[in-house]
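Q: Under the UniProt record's numbering, the residue at position 33 of the sequence shown is numbered 33, and the numbers go up by one with no gaps.
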Amino acid sequence: MTWSVLHVIGIIAYAISGAFVALQAKYSFIGIFVLGLTTSYGGSIIRNVVLDIPVSDIWERQSLLVVLVTLTTILFVKRNWIHHWNRWGYFFDSIGLASFAIQEGLLAQSLHHDLGIIILASMFTGVGGGMIRDLLAGRTPLALREEIHAVLTFLCGLCIWAGWSSPLQLSVIVILIVIIRMLSVNNKLKLP
């Protein structure tokens, strides 16, 4: 799995996640775009501040078009399909979580940062956009509840620091994070 593939997977997954929260809250098309964009890019903005990278770097990527096309497509989703959010929303959110945590852990590692910064970059990017999304939607952020959200990004950063960087290893991390997260959601596993 390459850097650009992880980026596109994360962007699309988080755009869908943000849009579904907006649809669930019965927001207008503006709300769908705002929550989709903030979920997709909010964590990267936080990460760039932490890593001292210009925030404008985010907008120079060509992924904005992908997000806009994804969100425009979601505008055509029937409102009565939103009850599927509970099943699919967590799934898309898990994919975004894994993809962004890996991608940004790899970025911090490529900048020769130590374990702490690699983990922080993974955590802030993995959960930051979702936290902003939840706050804008008037919800308590998933990462601050008993969810294992932040723990999974921590483990992801740890794997990156340990040298997991081959496409196979990165794919294993994504699959494991999605499986563990979905098992925790389906079995209502909570942190103390």
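The beta carbon of each residue, even a glycine, is placed where N, CA and C say it ideally should be. Computed from a predicted model, the values in this text were never measured in an experiment.
1. How many Å lie between V5 and A25 at the Cα?
2. Starting from W164 and walking both ways along the alpha helix (DSSP H), at which residues does that stretch end?
3. Beta-carbon within less than 8 Å of D57's beta-carbon, same chain only, minus the 5 sequence neighbours each way: which residues are those?
4. Report the option in K188, G126 and Q103 whose CA atom is closest to the CA atom of V151.
5. Where do the ends of the alpha helix (DSSP H) carrying F76 lie?
6. Keeping to the same chain, check which residues put their C-beta closer than 8 Å to that of F154; ignore five residues upstream and five downstream.
7. So, at 6 Å on beta carbons, what are the nonlocal neighbours of V174 in its own chain, with the 5 sequence-adjacent residues on each side left out?
8. Helix, strand or coil for residue 214 per DSSP?
9. Tell me whether T153 sits in a helix, a strand or coil according to DSSP, three-state version.
10. From F29, L51, W59 and V185, pick the residue whose C-alpha is nearest to that of A143; which is it?
11. Leaving out the 5 sequence neighbours to the left and right, which residues in its chain are closer than 6 Å to Y14 when beta-carbon positions are compared?
12. Looking at E104 and S44, is the spacing between their C-beta atoms short of 9 Å?
A: So, to answer that:
1. A direct Cα-Cα distance of roughly 30 Å separates V5 from A25.
2. First-last for W164: undefined, no H or E at that position.
3. Setting aside the 5 residues that flank it on each side, D57 is surrounded in the same chain by N48, each with a C-beta closer than 8 Å to its C-beta; the list follows chain order.
4. Nearest option by C-alpha distance: G126.
5. That residue, F76, is in no alpha helix (DSSP H); it is neither H nor E in DSSP.
6. Answer for F154: I119, S122 and M123, listed in chain order.
7. By the criterion of a C-beta distance shorter than 6 Å, V174 is surrounded in its chain by A98, once the five residues flanking it on both sides are discounted.
8. In this structure the chain extends from 1 to 192, so residue 214 is not present and cannot be described.
9. Judged by DSSP in its simplified three-state form, T153 adopts helix.
10. Considering only alpha carbons, the answer is V185.
11. Closer than 6 Å at Cβ, skipping near neighbours: T39, S40, G96 and G129.
12. In this structure, S44 lies near E104, with their beta-carbon atoms less than 9 Å apart.
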